[in-house]
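Novice: Under full-length UniProt numbering, the residues of the sequence shown are numbered 1 to 342, in order.
Positions of the beta carbon are idealized from the N, C-alpha and C atoms, including for glycine.
Because the structure is a prediction, the values reported are computed rather than measured.
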Amino acid sequence: MQALVMRGPGDFGVEEWPTPVPADGEVLVRMVHAGICGSDLHYAFDGRVGNFVITEPLVAGHEVCGEVAEDPTGQFTPGTAVTVHPATYGPRDERIADEPHLWPGGSYLGSAAVTPHCQGAMAEYAVFRPDQLRVLPDGLGLRTAVLAEPLAVGLHAINRALQAIDRPDLGGQRVLVSGSGPIGLLMMAALQTHDTASVTATDLTDAALERARGLGVDHTVNVAGTSLEPESYDVVLEATGAPAALSASLAATARRGTIVQVGSLPGGPQGFDLASLVAKEVALVGTFRFDTEIDQAVRLLAANPHWEQVITHEYPLSEAREAFTIAKDSRASGKVIVTLRP
């Protein structure tokens with residue numbers, strides 16, 4: 001079968017790869033779509049994500065969906081449309097028993113965090129445990145369902161904000177989404193289900209902000225030339241992972257406000273202006289992937305199929321390298337997907 005394989009910085013492309021055979025307890029899925037994530041881009045062009053370095057050939061892809069091809073477990077009918085939860089959790093940690101995505105020792109599709117690497121599913125076929133599969137409801141097409149994984153990331157970030165402010169929703173809150181890339185856009189879409197006082201989106205490019213306006217945000221700010229008003233936002237969802245954006249977000253956060261760091265910050269020491277974190281008693285909260293939010297994501301996508309507008313480009317697997325190149329250019333693209341079916 002064909003698969004998108006990464007071998008080192010800039011060394012990636014479509015290769016012949018062994019077609020998997022489902023073992024006991026596994027389901028074979030014929031893959032249809034895969035989204036390109038920021039981590040995929042780092043692996044492709046840098047050969048690493050933070051401290052996770054490619055040391056052996058790695059099949060990309062964790063934002064994936066497809067149709068059941070063969071199920072020895074008997075739980076799924078061949079042809080059933082599914083999306084995939086990419087995580088394998090580590091051994092149970094009783095200190096955080098309700099947060100399995102944080103248990104040490106787990107793995108994630110298309111990741112070099114473990115060795116042997118956890119192979120991804122940007123390929124014609126892949127195998128999964130039954131508990132990783134989510135059957136799509138009627139009316140939710142596979143092209144929209146490929147957004148379930150990144151939407152789940154955004155939903156978990158919103159849930160972390162709700163935990164921090166100890167509220168069931170963001171009603172009446174002034175919310176800032178820092179960064180209008182795919183995760184930021186999907187969070188903006190999800191925020192339309194909350195009765196917020198306002199949602200403001202930022203980015204460095206007008207094209208990205210135009211996509212944000214298409215999702216119903218109240219205000220947009222191009223931070224390449226305009227500074228955010230100080231102390232203007234109760235909740236900030238920082239989706240860029242840029243140290244400068246975090247510093248700007250701190251300045252823009254209201255006293256006793258909350259920042260959720262969604263974008264992955266660079267590894268190693270970084271320079272931040274954290275003085276206002278103390279002076280304003282701002283809560284700075286981390287968020288990591290998700291747990292059950294993928295089920296919520298599937299329901300929301302079924303109810304709001306227009307969120308598919310986040311997808312701006314689609315390429316066949318044979319043109320995956322071109323897809324990665326356009327996905328790297330945030331001025332030109334939102335979510336870029338690869339169609340895996342020949």
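(1) Leaving out the 5 sequence neighbours to the left and right, which residues in its chain are closer than 7 Å to G10 when beta-carbon positions are compared?
(2) When the Cα of N222 is compared with those of G181, T202 and V235, which residue comes out closest?
(3) Could you pull the DSSP bridge partners for F45 from this structure?
(4) Have a look at L272 and L265 and give me their C-alpha separation to the nearest angstrom.
(5) To the nearest angstrom, how far is the alpha carbon of L300 from that of T292?
(6) If you drop the 5 nearest sequence neighbours on each side, which residues of the same chain put their C-beta closer than 8 Å to that of T55?
(7) Which term fits L317, buried or exposed, when burial requires 16 or more other beta carbons within 10 angstroms of its beta carbon?
(8) By the DSSP assignment, the alpha helix (DSSP H) with Q163 in it spans what residues?
(9) For the alpha helix (DSSP H) containing A112, list its first residue and its last residue.
(10) I need the DSSP call for G36, collapsed to helix, strand or coil.
(11) Any contact between the segment 331–339 and the segment 31–40? By contact I mean 3 or more CB pairs, one from each, below 8 Å.
(12) Look up G268 in the DSSP assignment and say whether it is helix, strand or coil.
(13) Pairing CB atoms from the segment 270–288 with CB atoms from the segment 154–168, are three or more of them under 8 Å?
(14) In whole angstroms, what separates the C-alpha of Y315 from that of L4?
(15) With the cut-off set at 8 Å, would you say K182 and P130 are in Cβ contact?
(16) Could you tell me which of D138, A121, E26 and R95 sits nearest to P305, measuring between CA atoms?
(17) Leaving out five residues before and five after T83 in sequence, what residues of the same chain have Cβ atoms less than 6 Å from its Cβ?
Specialist: To lay it out plainly:
(1) For the purposes of this step, residue 10 is identified with residue 10 of the sequence shown, where counting begins at 1. Hits under 7 Å: F45.
(2) The count along the sequence shown starts at 1 and reaches residue 222 at position 222. Minimum Cα distance to N222 is reached at T202.
(3) The residue given as residue 45 occupies position 45 in the sequence shown. The partner list for F45 (beta bridge, DSSP) is empty, contrary to what the question assumes.
(4) Position 272 of the sequence shown, counted from the first residue, corresponds to residue 272. Position 265 of the sequence shown, counted from the first residue, corresponds to residue 265. Leu is not the amino acid found at residue 272; the sequence shown has Phe there. Whole-angstrom Cα-Cα distance: 11 Å.
(5) Within the sequence shown, the letter at position 300 stands for residue 300. Within the sequence shown, the letter at position 292 stands for residue 292. Taking the straight line from one Cα to the other gives about 13 Å.
(6) As a first step, residue 55 must be located in the sequence shown, where it is residue number 55. Cβ neighbours of T55 beyond the five flanking positions: A112, T115 and H117.
(7) Translated into positions along the sequence shown, residue 317 becomes position 317. So L317 ends up on the buried side.
(8) Within the sequence shown, residue 163 is the residue found at index 163, counting from 1. Start and end: A148 to I165.
(9) As a position in the sequence shown, residue 112 is number 112, starting the count at 1. Premise fails: A112 is in no alpha helix (DSSP H) and is neither H nor E.
(10) Indexing the sequence shown from 1 puts residue 36 at position 36. For the record, residue 36 in the displayed sequence is Ile; it is not Gly. The answer is coil: DSSP assigns I36 none of H, G, I, E or B.
(11) yes
(12) Position 268 of the sequence shown holds residue 268. G268 falls in the coil class under three-state DSSP.
(13) yes
(14) If you number the sequence shown from 1, residue 315 lands on position 315. If you number the sequence shown from 1, residue 4 lands on position 4. The straight-line gap from Cα to Cα measures roughly 13 Å.
(15) Sequence index remark: in the sequence shown, residue 182 carries index 182 (1-based). Sequence index remark: in the sequence shown, residue 130 carries index 130 (1-based). Residue 182 is actually Pro in this sequence, not Lys. No, these two residues do not count as a Cβ contact at 8 Å.
(16) Here the question's residue 305 lines up with position 305 in the sequence shown. Checking every option, the nearest Cα to that of P305 belongs to D138.
(17) Locating residue 83 in the sequence shown gives position 83, counting from the first residue. Contacts found: C65, R134, A145 and A148.
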